[in-house]
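Number of protein chains: 2
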Amino acid sequence: MKIAVLAGGVGGSRFLSGLRDAAPDADITAIVNVGDDMWLSGVRIAPDLDTIMYKLAGVNDEERGWGRVGESERVSAELREYGVGWPWFTLGDLDLGTHLARTHYLREGLPLSEATKLITQRWKLGVTLLPSTDQEVETWVKTAEGEMHFQEWWTRHRAGIPAQAFINRGVEESIPAPGVETAIADADVVLLAPSNPVVSIGAILAIPGIREALRSTDAPVVGVSPIIGGSVVRGMADACLTAIGVETSASAVAEHYGARSIDGLLDAWLIDTLDDGTDLPGITVATAPLWMRGSELSAQVASDALALARSLSA
Amino acid sequence: MKIAVLAGGVGGSRFLSGLRDAAPDADITAIVNVGDDMWLSGVRIAPDLDTIMYKLAGVNDEERGWGRVGESERVSAELREYGVGWPWFTLGDLDLGTHLARTHYLREGLPLSEATKLITQRWKLGVTLLPSTDQEVETWVKTAEGEMHFQEWWTRHRAGIPAQAFINRGVEESIPAPGVETAIADADVVLLAPSNPVVSIGAILAIPGIREALRSTDAPVVGVSPIIGGSVVRGMADACLTAIGVETSASAVAEHYGARSIDGLLDAWLIDTLDDGTDLPGITVATAPLWMRGSELSAQVASDALALARSLSA
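Those protein sequences? They're chains H and E, same order as listed. The numbering of the first sequence is this note's numbering, which starts it at 1 and goes up by one. The numbering of the second sequence is this note's numbering, which starts it at 1 and goes up by one.
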């Protein structure tokens with residue numbers, strides 16, 4: 001079974017880890033958001049790709065929720081002493097190893113997808129990671145205080161400055177990375193991970209060609225709601241929804257994605273047992289507990305998403 | 001008193017440290033070789049500038065002879081795990097902080113001289129460090145096995161592959177960094193540190209304009225021999241001399257630099273008590289112990305070089 005998953009960082013990493021457990025024989029391809037990526041001091045950071053890689057490699061810091069376990073910050077402490085660096089951005093030493101490996105390949109002229117392939121070879125991930133695009137399409141946030149990179153808005157300002165819009169800089173000139181459209185077209189199931197619908201999934205869907213690939217694949221497209229009990233699991237994502245005029249509710253997010261039969265993307269939508277979303281024309285809705293606290297619960301969510309997909313063709 | 005010093009890495013760093021001790025009130029400008037500089041994984045390495053900075057800042061590793069004291073290699077261990085990196089090049093974590101600070105400024109579009117100014121602000125060096133040029137003029141080594149960057153030849157192959165020539169790539173298009181020519185012109189004394197005459201001092205002299213500045217300054221130009229008892233202090237430098245057809249002796253190096261009165265650079269030449277170099281037309285020669293083992297001996301060498309300079313105008 002071939003499964004293609006659109007995914008962002010933390011939510012995506014947990015979902016993919018659960019999916020790997022739930023479908024150990026499946027050929028899973030993750031199409032990963034790159035909108036959070038940025039150049040920091042000449043080094044290319046790709047937070048979502050790395051978060052997913054670390055989680056699937058089992059070297060992520062579960063306690064902290066991000067980055068590598070056993071991390072240190074000797075390099076960034078030096079950078080701060082030199083007056084360089086971002087007090088709001090933690091650049092761990094082990095993590096920096098990944099950034100430098102990526103930067104090495106990029107500066108050699110390889111595209112991000114090739115760099116990602118070479119970097120992920122180190123681990124046995126059991127999931128193929130593809131960046132959504134090889135172009136540098138970064139998400140910027142329009143605010144009353146000016147435009148800033150999403151990372152700065154999210155990490156430095158904790159999404160506390162009202163966002164007026166999210167801009168996918170350079171998206172018009174971008175194309176899906178090699179393998180992305182094929183993965184969607186050839187999939188038996190396409191899943192939208194319970195990632196931020198705006199700046200994770202939305203940034204992937206903004207790449208010209210990806211929305212079309214989702215609409216034209218023969219596979220069922222099943223979304224997993226990132227909302228639990230009318231709240232986002234990861235605190236600040238509601239600020240993103242609010243900015244684009246979408247209510248923080250499972251049904252509003254589903255309507256935002258839209259039904260595939262009426263110009264949208266979803267065939268089915270898995271929502272939490274606490275949420276309401278049964279009245280969504282053109283979308284088959286199922287409910288299940290969606291809180292991915294621990295690997296067993298994550299595998300169950302993935303399993304429920306696959307069951308929902310199967311029910312569509314039954 | 002204004003002193004300008006042409007300097008390479010380890011020998012230059014010891015000599016400059018001694019000079020700062022010997023002339024605490026002097027305004028010392030070091031014009032530092034950048035031929036060893038290179039891009040590694042998209043990060044700009046400048047070994048000579050850093051070796052001098054660490055030594056003058058008192059954070060160098062005296063025991064190892066290079067790099068930062070208390071160094072670790074967590075990042076480069078990661079890089080190796082990813083299959084990236086140079087087993088022959090040690091990229092310490094603290095050192096990497098310096099490289100990343102420099103890369104940060106360079107990627108922002110600042111020239112190396114500005115980056116160096118900003119980076120050295122962290123420490124109280126008591127010496128102004130100027131790169132010889134802002135352009136990327138890297139020293140490459142021509143061998144029977146092809147051309148390779150000096151770092152690779154020196155650090156990886158331990159200068160063991162016979163060098164046929166040293167090539168200062170891009171030197172024709174380079175100009176001295178801002179302040180270099182003025183420092184030489186305005187100096188009361190110009191010193192050539194006991195650094196490698198070929199790939200350190202030679203690479204500085206290859207920058208168009210620097211040789212002319214030395215020849216036209218009103219200040220006496222005093223060289224300190226890097227030879228002690230017919231040997232180079234730092235093992236492999238004789239391979240560089242051999243490659244350019246210069247004997248490893250104090251007088252041969254002086255002849256290589258030449259007397260200022262006959263198209264060369266030197267007014268005076270300080271040689272070790274073990275060496276012979278009294279018969280050098282146009283060059284005033286003095287002898288003194290030149291082994292800079294420890295700060296007192298280094299200060300004495302610098303003091304003797306200054307005394308030799310004074311003797312010229314007496």
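Using N, Cα and C, we set each Cβ at its ideal position, and we do this for glycine too. These numbers come from a predicted model, not from an experiment.
{"Query": "Pick from 177(H), 115(H), 233(H) that is closest to residue 101(H), judged by C-alpha positions", "Result": "115(H)"}
{"Query": "Own chain partners of residue 155(E) with C-beta closer than 7 angstroms, once the 5 adjacent residues on each side are dropped", "Result": "88, 89"}
{"Query": "Per-residue contacts from residue 112(E) into chain H (C-beta, under 8 angstroms)", "Result": "Under the 8 angstroms cutoff, chain H gives no residues; its nearest Cβ is about 14 angstroms from residue 112(E)."}
{"Query": "Cβ-based burial, residue 281(E) [other Cβ within 10 Å; buried from 16]", "Result": "exposed"}
{"Query": "Endpoints, the beta strand (DSSP E) within which residue 164(H) is located", "Result": "163-169"}
{"Query": "Cβ contact check for the segment 180-187 of chain H and the segment 139-151 of chain H: 3 or more pairs under 8 angstroms", "Result": "no"}
{"Query": "Residue 146(H) - DSSP class collapsed to helix/strand/coil", "Result": "strand"}
{"Query": "Entirely enclosed alpha helix (DSSP H) segments - the segment 23-108 of chain H, minimum 4 residues", "Result": "47-57, 74-81, 93-107"}
{"Query": "Residues near residue 191(H) by beta carbon distance below 6 angstroms, same chain, minus five either side", "Result": "5, 222, 305"}
{"Query": "Length at least 3, wholly inside the segment 182-219 of chain E: the beta strand (DSSP E) runs in chain order", "Result": "189-192"}
{"Query": "Residue-level contact to chain E via CB, residue 134(H), 8 angstroms cutoff", "Result": "no"}
{"Query": "Local Cβ density within 10 Å of residue 176(E), reported as buried at 16 or more and exposed below that", "Result": "buried"}
{"Query": "Extent of the continuous alpha helix (DSSP H) to which residue 117(H) belongs", "Result": "112-120"}
{"Query": "Inter-residue spacing [alpha-carbon to alpha-carbon] between residue 266(E) and residue 308(E)", "Result": "12 angstroms"}
{"Query": "Inter-residue Cα distance where the pair is residue 47(E) and residue 34(E)", "Result": "8 angstroms"}
{"Query": "Check: residue 224(E) C-beta below 7 angstroms from any heavy atom of the ligand ADP", "Result": "The ligand ADP is not part of the structure shown, which contains no ligands of any sort."}
{"Query": "Beta-carbon proximity of residue 110(E) to residue 32(E), cut-off 8 angstroms", "Result": "no"}
{"Query": "Residues that DSSP places opposite residue 291(E) in a beta bridge", "Result": "According to DSSP, which records beta bridges pairwise, residue 291(E) is partnered with nothing at all."}
{"Query": "Beta-carbon proximity check, residue 299(E) vs residue 22(E), cutoff 8 angstroms", "Result": "yes"}
{"Query": "Same chain, Cβ closer than 7 angstroms to residue 159(E), five either side skipped, listed in chain order", "Result": "153, 236, 239"}
{"Query": "Spatial neighbours of residue 38(E) in its chain, beta-carbon cut-off 7 angstroms, leaving aside the 5 residues before and after", "Result": "45, 138, 149, 151"}
{"Query": "Chain-order list of residues whose beta-carbon lies under 6 angstroms from that of residue 13(E) (same chain, five-residue window excluded)", "Result": "51, 52, 55"}
{"Query": "Residue 271(H), DSSP secondary structure in three states", "Result": "strand"}
{"Query": "Neighbourhood of residue 79(E) by C-beta distance below 8 angstroms, restricted to the same chain and skipping five residues each side", "Result": "41, 85, 91"}
{"Query": "Where residue 249(E) falls, given that 16 or more other Cβ within 10 Å makes a residue buried", "Result": "buried"}
{"Query": "Amino acids of chain H, ordered along the chain, whose beta-carbon sits closer than 9 angstroms to that of residue 93(E)", "Result": "72, 74, 75, 78, 93, 96"}
{"Query": "Simplified DSSP state of residue 18(E), which is helix, strand or coil", "Result": "helix"}
{"Query": "Cβ of residue 58(H) within 8 angstroms of any chain E Cβ", "Result": "no"}
{"Query": "For residue 264(H), the three-state DSSP class (helix, strand or coil)", "Result": "coil"}
{"Query": "Neighbour flag for residue 104(H) against chain E, beta carbons, 8 angstroms", "Result": "yes"}
{"Query": "Minimum Cβ-Cβ distance from residue 125(H) to chain E less than 8 angstroms", "Result": "no"}
{"Query": "Residue 242(E) - DSSP class collapsed to helix/strand/coil", "Result": "helix"}
{"Query": "Counted within 10 angstroms of its Cβ, other Cβ atoms place residue 278(E) as buried (16 or more) or exposed", "Result": "exposed"}
{"Query": "Beta-bridge pairing of residue 130(H) - partner residues as DSSP gives them", "Result": "31(H)"}
{"Query": "Separation of residue 112(H) from residue 162(E), as counted between CA atoms", "Result": "39 angstroms"}
{"Query": "Cβ-Cβ separation, residue 227(H) to residue 275(H) (assumed contact under 8 angstroms), whole Å", "Result": "6 angstroms"}
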